[in-house]
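Sequential numbering of the sequence shown, starting at 10, is according to this note's numbering.
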Amino acid sequence: MIYDTVIIGGGVVGLSILRASLQAGYNAILLERNPHLCNEASGRNSGVICTGVDAPSGSLERALIRDSISRVREFCVEHNVPMRECGSLVCLWPWDEHDNIITDDEDEKKIDDDNTLVTKPGSPDDKLERVLQESLIAGDNATLLSSETVLNLEPSLSSHCRGAVHIPGEIVVDPWLFPLALATHARELGKQSIHGQNIDVIQTGREVVMDSSSFNTEEGIWNLVTRRCEKDSEDVVFQTKSIINSVGVNSDLMQKSASSVVRNINPPTFAARPRRGQYIVYSAPQNEFPTRPIQPVPTERTKGIFVYSTLYNQIVVGPTAKDQSSRTDDEIERSVAKELAAHATRVFDRTMGSSIIQSDTDFDPTIVGEYVGIRPGTSKRDYQIQLHCHANFITVGGIRSTGLSASLGIGRHVVQSLLCSIVSRSEEESTSVQQASPTPLPDVESLVEQYHSRGDGTINVAGHDYRVTHPLTRMGWDARTGIASSGK
Numbered sequence: 010m011i012y013d014t015v016i017i018g019g020g021v022v023g024l025s026i027l028r029a030s031l032q033a034g035y036n037a038i039l040l041e042r043n044p045h046l047c048n049e050a051s052g053r054n055s056g057v058i059c060t061g062v063d064a065p066s067g068s069l070e071r072a073l074i075r076d077s078i079s080r081v082r083e084f085c086v087e088h089n090v091p092m093r094e095c096g097s098l099v100c101l102w103p104w105d106e107h108d109n110i111i112t113d114d115e116d117e118k119k120i121d122d123d124n125t126l127v128t129k130p131g132s133p134d135d136k137l138e139r140v141l142q143e144s145l146i147a148g149d150n151a152t153l154l155s156s157e158t159v160l161n162l163e164p165s166l167s168s169h170c171r172g173a174v175h176i177p178g179e180i181v182v183d184p185w186l187f188p189l190a191l192a193t194h195a196r197e198l199g200k201q202s203i204h205g206q207n208i209d210v211i212q213t214g215r216e217v218v219m220d221s222s223s224f225n226t227e228e229g230i231w232n233l234v235t236r237r238c239e240k241d242s243e244d245v246v247f248q249t250k251s252i253i254n255s256v257g258v259n260s261d262l263m264q265k266s267a268s269s270v271v272r273n274i275n276p277p278t279f280a281a282r283p284r285r286g287q288y289i290v291y292s293a294p295q296n297e298f299p300t301r302p303i304q305p306v307p308t309e310r311t312k313g314i315f316v317y318s319t320l321y322n323q324i325v326v327g328p329t330a331k332d333q334s335s336r337t338d339d340e341i342e343r344s345v346a347k348e349l350a351a352h353a354t355r356v357f358d359r360t361m362g363s364s365i366i367q368s369d370t371d372f373d374p375t376i377v378g379e380y381v382g383i384r385p386g387t388s389k390r391d392y393q394i395q396l397h398c399h400a401n402f403i404t405v406g407g408i409r410s411t412g413l414s415a416s417l418g419i420g421r422h423v424v425q426s427l428l429c430s431i432v433s434r435s436e437e438e439s440t441s442v443q444q445a446s447p448t449p450l451p452d453v454e455s456l457v458e459q460y461h462s463r464g465d466g467t468i469n470v471a472g473h474d475y476r477v478t479h480p481l482t483r484m485g486w487d488a489r490t491g492i493a494s495s496g497k
């Protein structure tokens with residue numbers, strides 16, 4: 010079989026592109042080198058779907074987040090993905106009053122020139138006003154709240170809050186069930202689009218060997234060499250009209266490897282800059298957790314450390330933002346854990362520890378777990394979604410920390426704006442997939458019961474086994490709290 014496209018990378022972005030490709034009638038398949046989906050950045054995010062306020066005005070990132078956020082509620086309802094439509098609060102705290110914040114459009118050019126955000130000092134009121142104005146520019150019906158209003162909305166917070174901007178469009182979801190819904194729908198669509206052949210459109214544990222692959226420029230066909238991760242496995246060649254490189258933090262390396270094979274592919278103009286985000290997760294006292302994500306005023310580097318509750322009523326503190334050279338180092342750093350605990354202590358005005366070891370002075374028995382995510386940042390401020398039309402090769406890189414938020418928009422953009430320009434479809438082919446309503450995910454209650462009865466960290470949905478790779482989902486299901494206690 011000659012596929013229309015092969016998507017490399019089984020995170021939330023790759024899965025969204027696969028689903029969008031199949032919805033458009035393309036014969037598509039996804040290859041993931043890990044044995045399970047969402048095993049890297051997509052399995053270590055926050056689960057907060059943002060509205061693009063901190064993305065540069067006029068950027069592709071903001072546009073795709075806005076497109077995604079316009080459809081994400083309908084997606085969650087249709088696929089039975091749990092969500093909390095709560096908005097978020099960008100709070101100003103005394104310890105943040107002298108920091109600089111993101112500027113608006115008048116300094117946008119400096120972002121393009123040196124890839125840094127220009128900042129301006131201002132009074133505390135100016136800082137919240139700037140967040141408000143940027144939110145309105147991004148398309149949110151944001152409002153400025155007094156400190157009294159904030160405390161009425163979120164009584165668990167410290168009274169030191171100086172005020173906040175309420176961004177109503179932001180949503181908390183289960184960060185693993187969202188991509189699971191993409192995967193199950195893609196497999197459902199794949200049964201229709203692969204012309205009756207018994208082919209799974211998602212293949213895990215299969216690594217692409219780009220150095221051994223080739224592209225026939227006359228026929229416009231790739232011979233993509235892959236091999237199983239097991240030793241002594243034979244190579245398998247996939248023939249495809251196009252390739253979509255969606256391998257996250259390694260997208261620059263994948264494009265570089267492809268450019269060494271096919272001269273029509275330019276070497277990457279961006280370089281990976283992995284940024285580690287560390288989190289601590291606490292069990293919450295009865296009804297003493299914030300309903301809305303609590304964000305600080307963003308700085309030129311980062312959105313800052315969030316404090317929020319999951320759908321499982323557990324308190325998450327994080328992420329931090331530390332640049333590193335390693336693309337894989339996700340070890341917990343004790344000094345960073347102390348930083349997170351200190352931030353939580355100030356936000357809640359009660360002592361919160363940073364260690365699960367009883368002999369430590371910072372021991373806290375309410376800690377449920379910790380994790381680190383490696384975000385696929387690059388040397389550029391905006392997304393790096395590039396089409397190499399003479400080699401039928403698309404790179405989807407630089408998605409940094411907003412892959413979950415923008416995933417639906419990225420999928421639609423890549424397929425409808427890029428893939429369609431290099432792989433043509435007849436009208437009959439483009440309408441061959443029946444757009445029937447997808448089969449929704451089972452209720453959380455039944456999934457949790459299955460997860461516990463199996464005891465191996467997996468569940469089965471529609472005949473396929475899936476490992477629960479996201480720690481926030483695992484921690485909630487292990488504790489059976491929040492929606493895991495009732496399935497509602």
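Don't be surprised by glycine CBs; every beta carbon is placed ideally from N, CA and C.
Since the model is a prediction, treat every value here as computed from it, not as a measurement.
From which residue to which residue does the alpha helix (DSSP H) around W486 run? P480 to A488
Just the Cα atoms here: how many angstroms apart are C59 and T411? 8 Å
Per-residue DSSP class, three states only, for N225: strand
Can you tell me whether P305 is buried or exposed, with buried defined as 16 or more other CB within 10 angstroms of its CB? buried
To the nearest angstrom, how far is the alpha carbon of V290 from that of S269? 44 Å
Taking the alpha carbon of S416 as the reference point, which residue from D339, F84 and V62 has its own alpha carbon closest? F84
What first and last residue would you give for the alpha helix (DSSP H) that runs through T354? R343 to F357
In or out: E163 buried (at least 16 other Cβ within 10 Å) or exposed? buried
Counted within 10 angstroms of its Cβ, other Cβ atoms place S222 as buried (16 or more) or exposed: buried
CB-CB under 8 Å to N339, same chain, minus the five flanking residues each way: which ones, in chain order? Here residue 339 is Asp; the residue named in the question, Asn, does not match the sequence. Only R53, R285, Y380, V381, G382 and I383 meet the Cβ criterion.
Measuring straight from C-alpha to C-alpha, what distance separates S358 and A488? Sequence inspection shows Asp at residue 358; the Ser mentioned does not correspond to that position. Their Cα atoms are separated by approximately 25 Å.
Please give me, in chain order, every unbroken run of the alpha helix (DSSP H) with length at least 4 that falls completely inside the segment 129 to 216. 133 to 147, 156 to 162 and 186 to 202
Around the Cβ of W104, are there at least 16 other Cβ atoms within 10 angstroms (buried) or fewer (exposed)? exposed
Do Y317 and P302 have their C-beta atoms closer together than 9 Å? yes
Are Q367 and F279 touching if we call contact CB-CB under 9 Å? no
Three-state secondary structure (DSSP) at C429? helix
When you compare the CB positions of Q212 and L24, do they come within less than 9 Å of one another, or not? no
Exposure of E500, with buried meaning 16 or more beta-carbon neighbours within 10 Å: Nothing about residue 500 can be read from this structure; the chain reaches only from 10 to 497.
Going by the beta-carbon positions, is the gap between S255 and G20 smaller than 9 Å? yes
Burial state of E227 (16 or more Cβ within 10 Å): exposed
Around the Cβ of I26, are there at least 16 other Cβ atoms within 10 angstroms (buried) or fewer (exposed)? buried
Between the C-alpha atoms of S168 and F372, what's the straight-line distance to the nearest angstrom? 25 Å
Around the Cβ of V86, are there at least 16 other Cβ atoms within 10 angstroms (buried) or fewer (exposed)? exposed
Less than 8 Å between C-beta atoms, sequence neighbours within five positions excluded: which residues of the same chain meet that for L349? Q287, Y288, I289, I314, V326, G327, T329 and S363
Could you have a look at V477 and say whether DSSP puts it in helix, strand or coil? coil
I'd like to confirm the pairing. Which residues does DSSP put opposite D332 in its beta bridges? R284
Return yes when at least one heavy atom of the ligand NAD lies under 8 Å from the C-beta of Y460, else no. As presented, the structure is devoid of all ligands, the ligand NAD included, so that no description of it is given.
Here's a check: name, in chain order, each residue in its chain whose Cβ is nearer than 6 Å to the Cβ of R483, leaving out the five neighbours to either side. V477
Do I180 and R93 have their beta-carbon atoms positioned less than 9 Å apart in this structure? yes
Does the distance from the C-beta atom of V246 to that of V234 stay below 9 Å? yes
DSSP three-state assignment for R28, whether helix, strand or coil: helix
From the DSSP output, read off the bridge partner residues of C100. A173 and P305
Taking the beta strand (DSSP E) that S318 falls in, what are its first and last residues? F315 to S318
Would you mind stating whether T319 and L481 have Cβ atoms separated by less than 9 Å? yes
Just how far apart, CA to CA, sit K200 and F224? 28 Å
Looking only at its own chain, which residues have a Cβ that is under 6 Å from the Cβ of A29, when we skip the five neighbours before and after it? G420, R421 and V424
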